[in-house]
Structures are given as C-alpha cells and as structure tokens.
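**Q** Going line by line, the protein sequences match chains Y and A.
The letter at position 88 of the first sequence is residue 113 when you use our numbering, and the numbering goes up by one with no holes.
The letter at position 160 of the second sequence is residue 1188 when you use our numbering, and the numbering goes up by one with no holes.
Positions of the beta carbon are idealized from the N, C-alpha and C atoms, including for glycine.
Predicted model, so just to flag it, every value in this text is computed and none were measured.
Attaching a single structure in structure tokens format; questions to follow.
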Amino acid sequence: MAQTLGQAGVGSDSGDKWEVQVRKGSLELAILAVLWPGRLYGLEILRRLADSSALIVPEGTVYPLLNRLKTEGLLTSEWVEADAGHPRKYYKLTSSGRRRAMQMAAFWSAFSANLEGLLAPLMPETKPNAAARTAGRRNADD
Amino acid sequence: MTETQRTETRGTDVDLARAKIKKYLQDLAAALGSLPKEQSNDIVEELRSHIVEKSAANFNVNDDMNGTMTPASVDAVLAGLGAPESLARLYVADDLQIRALKSRSPVLIIRTLFRWASLSFAGFSALVASIIGYSLSLSLIICGLLRPIHPRTAGLFRIPDGANDYSVSLRLGFTGLPPGSHDLLGLWIIPIGVMAGLGLFLLTSLFALWSIRRLRRATPALSRRDEGDAEVSR
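Encoded structure:
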C-alpha cells in the first residue's frame, strides 16, 4: 500500500489530488503510530516514517501537522536539552491521542481489507486466481 | 550561537550556513506574525533544531567533515521544508481553523475566512456570504433595539422610489424618512427584528463553520504545492 502511495506521485491531475489526499489522511495515522512506543522529536519522527514506510514524507507538512495534533490535544510536547548542544522538542501521545490512534488503526485495517476485495480484479498479476474472471470481462470492455 | 563561536567561525562556510538559517527563521517568524508570540517562538525554535541537526547530519553522510553544516547542506534542508511563507501558511491556516471551530466567535470566523478568501473562490464566496449574513443580522437586532429610542424613524419601511415604484428599507432611525414612507411592521419590529436577527446570526455562524470544515478538507490544493516544493529536493 505504501509503495503504491509513494510511486503515484506523477499522474493525471485528479489522480494526483486523490493521491495527495490519501497520503495526507494516512500521514496523521502514521505519525500517531510512530509515537505509539514512546516519545520522539521531529527529526526522529521523520526518519522513522521514511524508514518504516515507503510514504514520501514532505517535511514541510509534518511539522505543521504535529502542531495541529498538539492543538487538538492528541499530543503533548516538551523541550529537552540534548547532548547535541541544541534542545529538541519531543512529542508524546496523550490518552486521547492513544484512543484516537486505536480507532484510526481499527478503521484503517477494516477499510483496507474491504477495499482489497474490490481491488483484486484490478490487479490480475498479483492475484491471478481471484481476479481472472472479472479481469477478463474488464479487458473486453476496454 | 554564542559570541565566541561566532568570532571563531567568522568568514567561514559555517558562518554563511548560520546566516542562511537565521534569514530563513526570521522570514518564518515574520510570516507567523498573526500567531501568539509564545507559539510562534516555539515553532521557530523547533525548526531551528531541525535545520541545525539535519544539515549537520546531511553533510556527515556525504563527507568526512564530521557533522559540520555547510551552506549547501543547509540549503538542502531548507528546500525540504519549503518556502518560509508557505510553511507558515500551513501553521496559520490550521491554527485559525481550529480556534474558529472551537470558539465560534464571529471575529475569528471572519478572520479565518479572510485567509481562505485569498486562496480559493469558495473561500471568497463564503467570506462575502458570512459578512452579509452577520451585518444583516446585527442590523435587524439593532433596529429592533433602537425602535423605542427612534419611535418614528426606526423600523422596516416601504419608501417611495420614483413615481410608481417603492423599495423596502430597514432603518435605524438616525436620519429622517422621505414623505410617503409606510411603516410595515410597527412595534412588531422589536420582537421580530431581535428574533430574526439572532436566528440569522446563528444560521450565518453554522454556515461559516460548515464552510471552514469543507475548506479544511480541501486543503490539499494548498499543501500540494508545498509538498511539490519539498519533493523536488528529495
């Protein structure tokens, strides 16, 4: 899923817009998920997002998003004096942030499981058996 | 950055790199001007931390000069963040929306819509409609309240306009009426004006908040451009 999101950067205008919306919507969940184990500062969050998912993470949108999640009460932040010589701003999930993350994760997995069934015919090469019949009909239509 | 550090590195690349960071953060702070001072300082410091750490790390990967920032490494990090103005716009738009949605104050609502008005036609239309709605509702309420003070001139009047034509006009009663004017509501303007005004006020707020939520969902049109900037540098 993340792969496709990352790749679809170039496309038709409407496809591009849709892609951005999906990415934007999933970024919020991805940030909450990355913070699930414990507190992290901005650059760490960015690195984890880049490492553990193929999501393209535009830095210019992550910081304002962190700020918004904080204003919405899903995150708290604290400044920590680091060895590096400059302080770092750490983010942590609040209890309502944890609840929200769990709700979003449950919704996302149910949603994508449902959608996968619909998408199977569109991807004959990955799921040939399940998709063969419908794919044939689709090709004929084209 | 302390004074001693600054003198040691004067005229070097590090100095130039620091100047670039300083310029970027100054522009960002200026563009964040409408936020509370404390909040905008916090944002600027967080991004300073990001830029300093990442530009040193970036350089470290490509070269042996252990984690020193250079003008080029700083440029790369700044490009990743996008222009200070567009970055600030994301903060300010988010912040105003949340505050407007939370507080429901007409002033914040109008301020939020003002911001959107410059970004999209839908935002502009919502702003115009909300201003008309709020001013009409306030006029109705004020008219109802002024009726006891201006018993002859405040109210809803039918006013002759040319030979066979007339227009309907809501008057606050500070000026006289042309001859032949007809008071349409009489004393009823007091309860009707106040009630209709309050109702319209509420409806306008509901409409404006609904517009803000819709505009918020449509944000990708705005952030896409910023993301585009950011992706170029990757």
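Could you spell out where the beta strand (DSSP E) holding W104/Y opens and where it closes?
**A** Counted from its first residue, the first sequence places residue 104/Y at position 79. Segment L100 to V105, the beta strand (DSSP E) holding W104/Y.
**Q** To the nearest angstrom, how far is the alpha carbon of S1158/A from that of R1175/A?
**A** Here residue 1158/A corresponds to residue number 130 of the second sequence, with the count starting at 1. Here residue 1175/A corresponds to residue number 147 of the second sequence, with the count starting at 1. Spanning the two alpha carbons is a distance of roughly 26 Å.
**Q** Do you know how far the Cα of A1224/A is from the Cα of D76/Y?
**A** Your numbering for residue 76/Y matches position 51 in the first sequence. Your numbering for residue 1224/A matches position 196 in the second sequence. Approximately 58 Å between the Cα atoms of the pair.
**Q** How is G1183/A classed by DSSP in three states: helix, strand or coil?
**A** Numbered from 1 along the second sequence, position 155 holds the residue referred to as residue 1183/A. Looking at G1183/A - three-state DSSP - the assignment turns out to be strand.
**Q** Please confirm if V1196/A has its CB atom under 8 Å from at least one CB of chain Y.
**A** Along the second sequence, one-based indexing puts residue 1196/A at 168. It does not: the Cβ of V1196/A has no partner Cβ on chain Y nearer than 8 Å.
**Q** Establish whether the CB of G1108/A and some CB of chain Y are separated by less than 8 Å.
**A** Walking along the second sequence from the start, residue 1108/A turns up at place 80. It does: the Cβ of G1108/A has a partner Cβ on chain Y nearer than 8 Å.
**Q** So with Cβ pairs under 8 Å, would you call N92/Y a contact of chain A?
**A** On the first sequence, residue 92/Y is found 67 positions in, with the first residue counted as 1. By this cut-off, N92/Y is an interface position.
**Q** Tell me the DSSP secondary structure of R1046/A in three-state form.
**A** Residue 1046/A sits at position 18 when you count from the first residue of the second sequence. Reduced to three states, the DSSP call for R1046/A is helix.
**Q** Report the option in P1134/A, A1150/A, R1186/A and P1099/A whose CA atom is closest to the CA atom of S1165/A.
**A** By 1-based counting over the second sequence, the position of residue 1165/A is 137. Ranking P1134/A, A1150/A, R1186/A and P1099/A by Cα distance to S1165/A puts P1134/A first.
**Q** Alpha carbon to alpha carbon, what distance is there between L118/Y and K1051/A?
**A** Here the question's residue 1051/A lines up with position 23 in the second sequence. Here the question's residue 118/Y lines up with position 93 in the first sequence. Rounded to whole angstroms, K1051/A to L118/Y spans 33 Å at the Cα level.
**Q** In the region 1067 to 1122 of chain A, which residue ranges form an unbroken alpha helix (DSSP H) of at least 4 residues, counting only runs that do not cross its ends?
**A** DSSP runs (the alpha helix (DSSP H)) wholly in the region 1067 to 1122 of chain A: 1099 to 1109.
**Q** DSSP three-state call for L1212/A: helix, strand or coil?
**A** Locating residue 1212/A in the second sequence gives position 184, counting from the first residue. L1212/A falls in the coil class under three-state DSSP.
**Q** Do L1075/A and S1068/A have their beta-carbon atoms positioned less than 8 Å apart in this structure?
**A** Looking up residue 1068/A in the second sequence gives position 40. Looking up residue 1075/A in the second sequence gives position 47. Contact: no.
**Q** Could you name the residues of chain Y that K1082/A contacts, counting a contact when the two beta carbons are closer than 7 Å?
**A** On the second sequence, position 54 is the one that residue 1082/A refers to. Residues of chain Y passing the Cβ test: L68.
**Q** By Cβ distance below 7 Å, which residues in the same chain neighbour K114/Y in space, the five residues on each side in sequence not counted?
**A** In the first sequence, the residue the question calls residue 114/Y occupies position 89. Counting only Cβ-Cβ distances below 7 Å, and skipping sequence neighbours, we find Y66, G67, S102 and W104.
**Q** Applying the 10 Å Cβ sphere with the 16-neighbour rule, what's the burial state of Q128/Y?
**A** One-based indexing of the first sequence puts residue 128/Y at position 103. Answer is exposed; the Cβ neighbour count stays below 16.
**Q** Taking 8 Å as the CB-CB limit, is D1055/A close to chain Y?
**A** Taking the first residue of the second sequence as position 1, residue 1055/A is located at position 27. Not an interface residue.
**Q** I want to verify the contact list: residues of chain A whose CB lies under 7 Å from the CB of K114/Y, in sequence order.
**A** As a position in the first sequence, residue 114/Y is number 89, starting the count at 1. Ordered by position in chain A, the residues that pass the 7 Å Cβ test against K114/Y are E1074 and S1077.
**Q** Using three-state DSSP, classify R1264/A as helix, strand or coil.
**A** There is no way to answer for residue 1264/A, as the model of chain A reaches only from 1029 to 1262.
**Q** Do the region 1232 to 1242 of chain A and the region 1199 to 1209 of chain A make contact, defined as three or more Cβ pairs closer than 8 Å?
**A** Judged by Cβ distances under 8 Å, the region 1232 to 1242 of chain A makes no contact with the region 1199 to 1209 of chain A, as fewer than three pairs qualify.
**Q** Going along chain Y, which residues have a C-beta under 9 Å from I1126/A?
**A** What you label residue 1126/A is simply residue 98 of the second sequence in a count that begins at 1. Those are R93, T96 and E97, listed as they occur along chain Y.
**Q** What in chain Y is Cβ-close to D1122/A, meaning under 9 Å?
**A** For the purposes of this step, residue 1122/A is taken as residue 94 along the second sequence, with counting starting at 1. Within 9 Å Cβ-Cβ: P89, L90, N92, R93 and T96.
**Q** Might you give, ordered along the chain, the residues of its own chain that have their beta carbon closer than 7 Å to the beta carbon of E84/Y, omitting 5 neighbours on each side?
**A** For the purposes of this step, residue 84/Y is taken as the residue at position 59 of the first sequence. Within the same chain, E84/Y has close Cβ partners L71.
**Q** Considering only C-alpha positions, which residue in the set L1198/A, F1152/A, S1163/A and G1208/A is nearest to D1189/A?
**A** Taking the first residue of the second sequence as position 1, residue 1189/A is located at position 161. Comparing Cα-Cα distances from D1189/A to each of L1198/A, F1152/A, S1163/A and G1208/A, the minimum goes to G1208/A.
**Q** In whole angstroms, what separates the C-alpha of P1099/A from that of E106/Y?
**A** In the second sequence, residue 1099/A corresponds to position 71, counting from 1. In the first sequence, residue 106/Y corresponds to position 81, counting from 1. Rounded to whole angstroms, P1099/A to E106/Y spans 25 Å at the Cα level.
**Q** Please state whether the Cβ-Cβ distance between E1081/A and H111/Y is less than 8 Å.
**A** Here the question's residue 1081/A lines up with position 53 in the second sequence. Here the question's residue 111/Y lines up with position 86 in the first sequence. Yes; because the gap between Cβ atoms is below 8 Å, this pair is in contact.
**Q** Using the DSSP secondary-structure output, state which residues sit across from Y1162/A in a beta bridge.
**A** Mapped onto the second sequence, residue 1162/A falls at position 134. The partner list for Y1162/A (beta bridge, DSSP) is empty, contrary to what the question assumes.
**Q** Take F1152/A and list the residues in its own chain whose beta-carbon comes closer than 6 Å to its own, dropping the five residues that flank it on each side.
**A** For the purposes of this step, residue 1152/A is taken as the residue at position 124 of the second sequence. Closer than 6 Å at the Cβ level, and outside the excluded window around F1152/A, lie A1145.
**Q** Going by DSSP in three states, R64/Y sits in which element: helix, strand or coil?
**A** Here residue 64/Y refers to the residue found at position 39 when the first sequence is read from its first residue. Coil at R64/Y, not helix or strand.
**Q** Could you tell me whether the region 1212 to 1227 of chain A touches the region 1119 to 1138 of chain A, where touching means 3 or more Cβ pairs closer than 8 Å?
**A** Flag = no, the region 1212 to 1227 of chain A and the region 1119 to 1138 of chain A do not touch.
**Q** So the beta strand (DSSP E) L118/Y belongs to, where does it begin and stop?
**A** Within the first sequence, residue 118/Y is the residue found at index 93, counting from 1. Counting along the chain, the beta strand (DSSP E) containing L118/Y begins and ends at R113 to L118.
**Q** Using a Cβ-Cβ distance under 8 Å, would I1071/A count as near chain Y?
**A** By 1-based counting over the second sequence, the position of residue 1071/A is 43. Judged by the 8 Å Cβ criterion, I1071/A is in contact with chain Y.
**Q** Does Y982/A come within less than 8 Å of chain Y when only Cβ atoms are used?
**A** With chain A represented from 1029 up to 1262, any question about residue 982/A goes unanswered, as that position is not in the structure.
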